[in-house]
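To start, the structure itself, in structure tokens.
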Amino acid sequence: MQESVELMEQEFYNKKMYFSYSSLNKLIWNPQVFYQMYVLGMKEERVESHLVQGKIIHVLLLEEDKFNDLFIVSPTSLPTGNLRTVVDRVFNHYKELSRNGDPREKLEEFDKAILDVMADMNYHQSLKTDQQRLDKILTAEAFNYWRFLQMKQDKTIIDADTLKFCQSAVEIIKTNQQVCNLLGMNTTEFDSKQVINEEQIQLDLGNKVYGLKGIIDNIVIDYDNKVIYINDIKTTSKDLKDFPESIEYYSYWMQAVIYMMLVTKEHIDLIQSGFTARFHFVVIDRAFQSYAFPVTEKTMNSWLDRFNAILEKAEWHYHNKNYELPYEFAQGLVVL
11 MQESVELMEQ EFYNKKMYFS YSSLNKLIWN PQVFYQMYVL GMKEERVESH LVQGKIIHVL
71 LLEEDKFNDL FIVSPTSLPT GNLRTVVDRV FNHYKELSRN GDPREKLEEF DKAILDVMAD
131 MNYHQSLKTD QQRLDKILTA EAFNYWRFLQ MKQDKTIIDA DTLKFCQSAV EIIKTNQQVC
191 NLLGMNTTEF DSKQVINEEQ IQLDLGNKVY GLKGIIDNIV IDYDNKVIYI NDIKTTSKDL
251 KDFPESIEYY SYWMQAVIYM MLVTKEHIDL IQSGFTARFH FVVIDRAFQS YAFPVTEKTM
311 NSWLDRFNAI LEKAEWHYHN KNYELPYEFA QGLVVL
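In this note's numbering, the protein residues as written are 11 to 346.
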């Protein structure tokens, strides 16, 4: 076990680390979680409903054509209990075999695997014959669920009510002309604007062995006014008035700095020709009210000073391979 951990650590350090807002935030506030997720590769799957809703709203608002690539709406009813467990386990077996060239596609073609799973679960083992056991599994409900799993692939499952809720939210948001204009949603081919959604950027930091990366929600380049608008969309379960507190609580200010650094570097030719970059948090609250919070140059500069201090702490953890405690505690700087 120790050898495998050392091997994973070696693989992590053999590749250049590009910190995202999420990974950097974890390293600063909970180094052990960072170690588990990024060094050992034990990534967590976050499926909280508000996170899923935020992702749906984001896609419907900016990239509706990608919805079917990312989500699948579940049927009105899915099997439950042991039946679903059997089908799930057989489906995982099917995926593994399929990757190795097995051509079978139908649930009924995996009768031996079904019987093995049922035996392992001690499910319907009181029945006298294998056919009787198979008849308990090979039902219309199971066949429908099997086809659903094949269509699902890596997509996020959502129900019809969640989709309807998010669609209603987006329709309300679209009534806010200020937000729509900022995001470039009303841009036509005759406007001198370029709209870029979901731009992936990574940045090297001089001679440092790590860099930064991020996926920017929305960038609008206004060529007439020489402005690059950098927009990050946030959904919140609170009210608009509470968002300034969330900036501190979730360290969103750090995300703003990273995105500003990434975009200005990626579009350095425009910056050098006189363009300015302006950052906005576009916030959608629990009542579907939306507002674009502008970040002033003064505020961004103060956040940048704080961010440089954050990078120094991250560098200490990274170089010393010390992920036991947050920097201040590891250095004994916390006193009462």
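Cβ atoms here follow ideal geometry from the backbone N, Cα and C, with glycine treated the same way. Computed from a predicted model, the values in this text were never measured in an experiment.
Practice item. Determine the extent of the beta strand (DSSP E) in which K223 is found, giving its start and end residues. Key: Y220 to D232
Point to revise | Candidates P41, L17, E21 and S14, of which the one nearest L325 by Cα | key: This sequence places Glu at residue 325; Leu is not what is there. Nearest C-alpha to E325: P41.
Check your understanding: DSSP three-state call for A324: helix, strand or coil?
Key -> helix
Review point. Can you give, in chain order, each stretch of the beta strand (DSSP E) that sits fully within the stretch 189 to 222 and has at least 3 residues?
Key: 203 to 214
Exercise for review: Let me know if R143 comes out buried or exposed under the rule of 16 or more other beta-carbons within 10 Å of its beta-carbon.
Suggested key: buried
Exercise for review: Check each candidate in E199, L335 and T95 and name the one with the smallest Cα separation from A123.
Suggested key: T95
Practice item. Let me know if T245 comes out buried or exposed under the rule of 16 or more other beta-carbons within 10 Å of its beta-carbon. Key: buried
Check your understanding: Do the stretch 293 to 304 and the stretch 175 to 189 touch if we need at least three Cβ pairs shorter than 8 Å?
Key -> yes
**Study point:** DSSP state of H68 mapped onto helix, strand, coil
**Key:** helix
Exercise for review: Compute the distance between the beta-carbons of F253 and M270, then report whether it is under 7 Å.
Suggested key: no
Point to revise | With 16 other Cβ atoms within 10 Å as the buried cut-off, status of Y259 | key: exposed
Review point. Does N191 come within less than 7 Å of chain B when only Cβ atoms are used?
Key: The structure shown has no chain B; it contains just one protein chain.
Practice item. Please classify N241: does DSSP put it in a helix, a strand, or coil? Key: strand
Exercise for review: Take every Cβ of the stretch 161 to 171, pair it with every Cβ of the stretch 132 to 141, and state whether three or more of those distances are shorter than 8 Å.
Suggested key: no
Point to revise | 7 Å CB neighbourhood of K146 in its chain, flanking five on each side removed | key: H134
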